[in-house]
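Asker: One structure, pasted below without further comment.
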Amino acid sequence: MKRFIALLAAIALICLCATPVLAQGLRLSPPSVEFDVPADGSAEVEFLVYDFTGDLEISLEDIPLRVEPTTVPVTAEGTTVVLTFYGDETLGSKIYQGKIRFLALTGGTVAMGIKVKATVNHIASGQPLPEEAQTPPPASAGTTELNIPLLAGIAAGTAIVITLIVVLARRRRY
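Right under this line is the structure:
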């Protein structure tokens, strides 16, 4: 009977460790964008939002332009979000390499965020774009990002299973 209770407790712990991995996420497409914005006009860029319901707060990082809307309600799977970028004649012609930040808000708090790499060609009339210096790709370009909560859940589950096997194997010897 004690073995059965221990086995049930172990299964419950394993299920609890796996719960955060199954939590709702946020996915955006495309993962990076490049577009032209006239200094005296605007440009629109479309994104598809998956696996999220709530509000998206949008802001720019290292791109000194104005973007609208700054908050978008997402209510369905595969929602299309259209962002409008407005040029600024005082900036002249320049290439901006920055990020578009999407913060997922649920219940008024930030649940998660995604940054999309953006190359914005800001074009002023009568001024050519400066030549962009070619930089080598970073050394870590071939590596993939690790999902820490997933690895922690797998490690915890593995430790529990190994402990159960060791405990049950020792009890059978006596």
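Residue 176 is where the sequence shown ends in my numbering, and the numbering goes up by one at each step.
Glycine residues also receive a C-beta, built at the ideal position from the N, C-alpha and C atoms.
1) Does DSSP put Ile65 in a helix, in a strand, or in coil?
2) Please tell me whether Asp38 and Ile125 are closer than 7 Å, where the distance is taken between their beta carbons.
3) Who are Arg103's beta bridge partners in DSSP?
4) Please report how far the alpha carbon of Glu70 lies from the alpha carbon of Glu59, in whole angstroms.
5) For Ala45, collect the residues of the same chain with a Cβ closer than 7 Å to its Cβ; drop the 5 residues on either side in sequence, then sort them by chain order.
6) Just to confirm, are Val118 and Ile65 a CB contact at a threshold of 7 Å?
7) Please state whether DSSP places Glu48 in a helix, a strand or coil.
8) Can you tell me where the beta strand (DSSP E) holding Glu36 begins and where it ends?
9) Given this structure, state the Cα-to-Cα distance separating Pro32 from Leu85, to the nearest angstrom.
10) Taking C-alpha atoms, which residue in Thr111, Leu105, Ala154, Val168 lies nearest to Ser61?
11) Just the Cα atoms here: how many angstroms apart are Thr77 and Val51?
12) Who are the Cβ neighbours of Ala188 in its own chain at under 6 Å, not counting the five residues just before and after it?
13) Please report the straight-line C-alpha distance between Ala8 and Ile162, rounded to a whole angstrom.
14) Which one or two residues does DSSP pair with Val84 in a beta bridge?
15) For Thr73, name the three-state secondary structure that DSSP assigns.
Answerer: So, from the data block:
1) coil
2) yes
3) Ser61, Lys117
4) Roughly 10 Å between the two C-alpha positions.
5) Phe37, Asp38, Val39, Phe87
6) no
7) Glu48: strand per DSSP, three-state reduction.
8) 34 to 40
9) 13 Å
10) Leu105
11) Using only the alpha carbons, I get a separation of about 10 Å.
12) Summary: the structure shown does not reach residue 188, with the chain confined to residues 3 through 176, and so no result is reported for it.
13) 11 Å
14) Glu48
15) strand
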